[in-house]
Amino acid sequence: MTGHSTYSNSATLVADTNNYLSVLAAAKITRSDAQTAAQDAMDRTVPNNKAAIIKAQGLLKQAMADANNELLVTSELVTLTDKLNLIIDSFVKLNEIYMQAVSGPVTYEEGIVPLVSNINDQFSNAQLTAEAVDAFTTQLQTIFDAAMNARDNAKIDATNAISNAKDVATNSNVASAIDNLNNIVEAANDNSEQALTADIIHATALLNANVGLLNTAPVNNGQVVIDAVNALNVVLNEPTSTTADILAATDTFNTVVGEAKDSRNDAKDAVNTALASTDPVGNETAVTDAVTALNEVLNNPALTTAEILAATDTFNTVVGEAKDSRNDAKDAADTALAATDSVGNEQVVTDAVTALNEVLNNPASTTAEILAATDTFNTVVGEAKDSRNDATDAADTALASTDPVGNETDVTNAVTALNEVLNNPASTTAEILAATDTFNTVVGEAKDSRNDAKDAADTAFAATDPVGNEQVVTDAVTALNEVLNNPASTTADILAATETFKDVVNQSKDSRNDAVDEAETLITNIDSISKRPGVKEKLDELQKTLDDAANGSENVLTADIKDTVQELREISENVQNVLDDANNHLTEDFANPVNKEPGVKDATDKLKDLVNDPTASIDDVQKAIDAMDTVIEQAKVERNQAIKDAENALKEYGNTGELGNLIQQLQDLLNSLKNAESLVLTQDIIQLINQLNDAASQLSSEQNKNNSTVNGQQLSSENKEVDSTTTNDDKNKLPQTDESGDSLQTL
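Under the working numbering, the residue at position 280 of the sequence shown is numbered 370, and the numbers go up by one with no gaps.
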């Protein structure tokens, strides 16, 4: 047969036929399995609107049709089925992570948004392969996992930051930062596009920074800490500051504060606790003053631990009172805030609303009744508004009458409270009137307190005599007037300045009294020399200074009294020293053994007269002392010379029997000088020596000695004889004794 193979025998044909039939049956089974698998693939639930899947489904669908029409081999059907299953499997995996990514909470994080956008674009790409889809799946899974880890870490850090802020959570900045962080975390949990992990980290950094700013005690007044606070606030207040900027500034701040805290010792732990517990009253004037005072104690290395603890107790008392006052103010504010409805909450208005609604909801109401009810309602509302306006006007008038106490804490708090009531549309007219009455009471009390403080200052001004002209007092007057004339001064400022002024005046008065006491004591002590020239003039000057000071003279200062006292003391001490020296000269044994010489006695009498004359110049006394010293010295020289001459005469004439009587007289005269009460004068010795010399000369002449011997003896006699002319001249210079020969008494 044409077109058919020719078999050599039937057995081969049968074998081939059977083989064909076997292959055909197997092919049919394979085809059926392939068709079933293809249909299963076509029936799979797949992500919607994926062009690559749609394309694979279309190709497989066409292949299935072709296979039914025997236009396609089974292997091609299997291949297309596998491709469809692969692309579906890939898209199922991608869709799983894709839905996680777009469902939140990190949908809008950096890296996810562009990748999801790119994937969305690829959904319409019919040429997308399973390998490409798997690559997207891996990339998205990696980025998603990283974003989730970052988000979880950021939330943990946020939770820790809020926990760490619990001790200062009442601070307005910290509370605001906590609310901001909670809101961002909540929004981030809700997958908000405006709340990303970076925003959580940024808000956490802000919270940590604000908490750090409140944790500077007890070194918050240290300059390095102040600078660090200012530097951190600059970064926090700069809208363009990045998270990195805030973190870096916070780290620097924490380092500075940490180093400052390390410098404090254990004795100041209680102080640190106190300084860290000023919220929410840290900006109150009384508290800031107390902080300043406590820091002054802390920074004073001379103070003891007990003094620091005592200052801390005082500080805690101030803070406690400030907090109590703040709580009272908040209670009053809360009461006002709870009753600050607008006019719509007025009872007459709510009653009018009810009445009008009854009319409106009553099917039996006529138009006239509705109009009448409406007119009635408008009247009620109008009257309520008029009452409200009157109350507001009264409040405005009160707010305009706070001078000069507008900056007092109680008044500013009252202004705030009244404005809160005025600005709250829920406030009733009655509540505004009540708040205005309370405000007027506070302002009135503040004005009374200020007037009392100024009266106290005026009283202090009037009590400066007699030290009103002292520089420290005039400076204190100026300082107190500056406070009084400063419209920004509070009543507390005036009271404090007045106390300081009184302290200065009292100290000046004490100093004046001390100076006057010292002057009066000196005047009493120098009474015995008060008439002496020099002393008298300076004493008169001091007395005039004291009189002028007592009469409130503006020209006399305490320093003038002290200076005059010192000058008088120096003068009187000099006078007394000279008088003491003079009295020493007047003692009986001062001039021994020549105290009875006529010249010495005259000098002694003159000095004694000057000492006993209370009006005698101290210069004259000193001159008399000097003159007496000169006379005594001269008298001693003459006495010594006379004694020496007498001793020589005794040696010369001692063996001359004819002169024995004169020699004995001279010896007796010298011996009497050993008695302190001797009345022998130098002139007595000289006269007896001269008599002895004269007698010796006469004796020599009578014995008719040779001329040379006589001449020699005469020469010797002349050498031994005291020159009567010189002696008489010198004698005139010697002090004279009185007729009795008694020496003068010493003073």
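Glycine included, each C-beta is placed from N, C-alpha and C at the ideal position.
Residue from the options whose Cα sits closest to the Cα of residue i
i	options	result
I202	N175, M238, I177	M238
V727	S707, T772, I753	T772
V690	L700, V701, D703, L676	L676
K118	E411, S165, L322	S165
V361	E397, R622, E792, L162	E397
A191	F213, E221, K151, A236	A236
A587	M132, D359, N571	N571
M189	E200, L170, I209	I209
N175	A364, E221, N765	E221
N641	T694, E657, G558	G558
K245	N447, I715, L271	L271
D465	D476, R478, A454, V449	V449
V438	I779, G472, D719	G472
R121	A153, I779, P137	A153
S839	A299, N783, A546	Outside the modelled stretch of the chain, which goes from 91 to 837, sits residue 839, for which no answer is possible.
R729	N685, E767, E748	N685
D607	K544, E199, V655, I733	V655
L167	D123, D106, D695	D123
G148	A131, D289, G348	A131
E660	I616, A463, N761	I616
A605	S643, A649, K626, N596	A649
K151	G747, Q129, D548, L749	Q129
Q754	D653, N765, A739	A739
E792	S768, E748, E767	E748
L700	I619, A504, E349	I619
A851	L103, L384, N503, I522	Examination of residue 851 is not possible in this model, given that the chain is present from 91 through 837 alone.
I143	A155, N109, L218, A115	L218
L303	S790, A248, G372	G372
F213	P137, A157, L161	P137
N390	E560, N541, K358	K358
Check whether residue i and residue j have beta carbons under 8 angstroms apart
i	j	result
A536	V511	no
S598	V563	yes
I376	A412	Contrary to the premise, residue 376 reads as Ala rather than Ile in this sequence. Contact flag set, yes.
V319	A339	no
A293	A216	no
A481	T519	yes
P195	A278	yes
A485	L508	yes
I178	R134	yes
A725	I775	no
L752	A785	yes
L697	L658	no
A609	I651	yes
P688	L763	no
I274	A285	yes
I187	Q231	yes
A566	V594	yes
T722	L756	In the sequence as displayed, the identity of residue 722 is Ile instead of Thr. Against a cut-off of 8 angstroms, the Cβ pair of L756 and I722 comes out as no contact.
D671	I715	yes
I199	T342	Looking at the sequence shown, residue 199 is not Ile but Glu. Cβ atoms of E199 and T342: not closer than 8 angstroms.
N281	T407	no
Below-8 angstroms beta-carbon distance, residue i vs any chain C residue
i	result
L103	Given the protein chain composition of this structure (a single chain), no chain C is represented.
Exercise. Does the stretch 527-539 touch the stretch 551-570, meaning 3 or more C-beta pairs lie closer than 8 angstroms?
Worked result: no
Exercise. Below 8 angstroms, can you find three or more Cβ-Cβ pairs linking the stretch 743-756 to the stretch 700-720?
Worked result: no
Exercise. Do three or more CB pairs link the stretch 170-183 to the stretch 215-235 at distances below 8 angstroms?
Worked result: yes
Problem set entry | Inside the stretch 193-226 only - alpha helix (DSSP H) runs reaching at least 4 residues | 202-212
For this session: Only counting runs of 4 or more residues, tell me where the alpha helix (DSSP H) segments fall wholly within the stretch 667-691, in order along the chain.
Result: none
Problem set entry | Contact between the stretch 252-259 and the stretch 166-173 (3+ Cβ pairs under 8 angstroms) | no
Exercise. Just checking, does the stretch 574-591 make contact with the stretch 656-665 on the three C-beta pairs under 8 angstroms criterion?
Worked result: no
For this session: State whether the stretch 621-640 contacts the stretch 589-597, with contact taken as three or more CB pairs (one from each stretch) at a distance under 8 angstroms.
Result: no
Exercise. Whole alpha helix (DSSP H) runs in the stretch 538-611 with 4 or more residues, listed along the chain?
Worked result: 561-575
For this session: Could you name each continuous beta strand (DSSP E) segment of 3 residues or more that falls completely within the stretch 125-150, going from the start of the chain to the end?
Result: none
For this session: Output the residue ranges of the alpha helix (DSSP H) runs that lie fully inside the stretch 227-304 and measure 4 residues or longer, sorted by chain position.
Result: 262-279, 287-304
Exercise. Which runs of the alpha helix (DSSP H) fall wholly inside the stretch 705-774 and span at least 4 residues, in chain order?
Worked result: 708-743, 750-762
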